[in-house]
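For the record, in the sequence shown the residue sitting at position 46 is 70 according to the numbering used here, with numbers rising by one throughout. Take a look at the structure set out below.
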Amino acid sequence: MFKKPVSLLFLALSLHADMTSFYQHALHTLQYEKSYTLFEQSIKTTQSAVTASKYANFSVDAAYANTHAKLLPTSAGNFNTIDIALKDAIDIFGKNNYKIDALDLDKKTSKAQLNIKKEQLFIVLADLISLFNQTSQELVLYQNLYVEQEAIYKKLKLLGEH
């Protein structure tokens, strides 16, 4: 897997192409590292949120009702009802640890995909440089062929006039 990029690098350098500067410029332009760093920060933030929510997942519901009964005297005619519901969903047994593990796997997957993209970029750049050099050489050959054909045509034209 590593032999192909090395051989392509050697080929590109032997064809007078500055492969490393093209590669570094392409990496700088595409900003792969910056996007991965931002993704990694978002994963860390999400993991810390999941970890913090294990111990701070409380819910409080409260309801108040005032009922007035007409037949009772005014001092005792009011009924106040207060309902309070406390819900506690603390993750004592670590049920949400799979979320943290899934985020770790996402981070590793993203890093692997980033490395694959870099390898593909390197290979594509090497191919493009070699195709450019091949096309340049073909252009020189076609120009030389055209010059020779033009010279032959002029000679034949002179011979045809005599």
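By construction, the Cβ of each residue, glycine as well, lies at the ideal position given by its N, Cα and C atoms.
Just mark residue i as buried or exposed, buried being the case when its beta carbon has 16 or more other beta carbons within 10 Å.
{"i": "A113", "result": "exposed"}
{"i": "K178", "result": "exposed"}
{"i": "F156", "result": "exposed"}
{"i": "F117", "result": "exposed"}
{"i": "I153", "result": "buried"}
{"i": "L169", "result": "exposed"}
{"i": "L149", "result": "buried"}
Smallest Cα separation from residue i: which of the options?
{"i": "S66", "options": "I116, Y170, L127 and D85", "result": "L127"}
{"i": "L138", "options": "A109, S59 and M43", "result": "S59"}
{"i": "A86", "options": "T105, Q71 and H186", "result": "T105"}
{"i": "Y88", "options": "I108, L145, T75 and V74", "result": "I108"}
{"i": "T111", "options": "F63, V84, S154 and T91", "result": "Before going on, a small fix: residue 111 reads as Lys here, not Thr. Here the closest residue by C-alpha is V84."}
{"i": "K132", "options": "H186, F63 and E162", "result": "F63"}
{"i": "Y56", "options": "L165, E143 and V171", "result": "E143"}
Any beta-carbon of chain D closer than 9 Å to the one on residue i?
{"i": "T133", "result": "Any reference to chain D falls outside this structure, which holds one protein chain only."}
Would you check whether the ligand ADP has a heavy atom nearer than 8 Å to the C-beta of residue i?
{"i": "L165", "result": "Of the ligands one can find in the structure shown there are none, so the ligand ADP has no counterpart to examine."}
Just confirm the distance between the C-beta atoms of residue i and residue j, as a whole number of angstroms; I'd bet it's less than 8 Å.
{"i": "T53", "j": "I124", "result": "No, T53 and I124 are not in contact; Cβ-Cβ is about 34 Å, not under 8 Å."}
> What residue ranges within the stretch 99 to 182 form continuous beta strand (DSSP E) runs of no fewer than 3 residues, ordered along the chain?
Replying inline: 102 to 112
> What are the uninterrupted segments assigned as beta strand (DSSP E) that are 3 or more residues long and contained completely in the stretch 48 to 95, given in chain order?
Replying inline: 82 to 92
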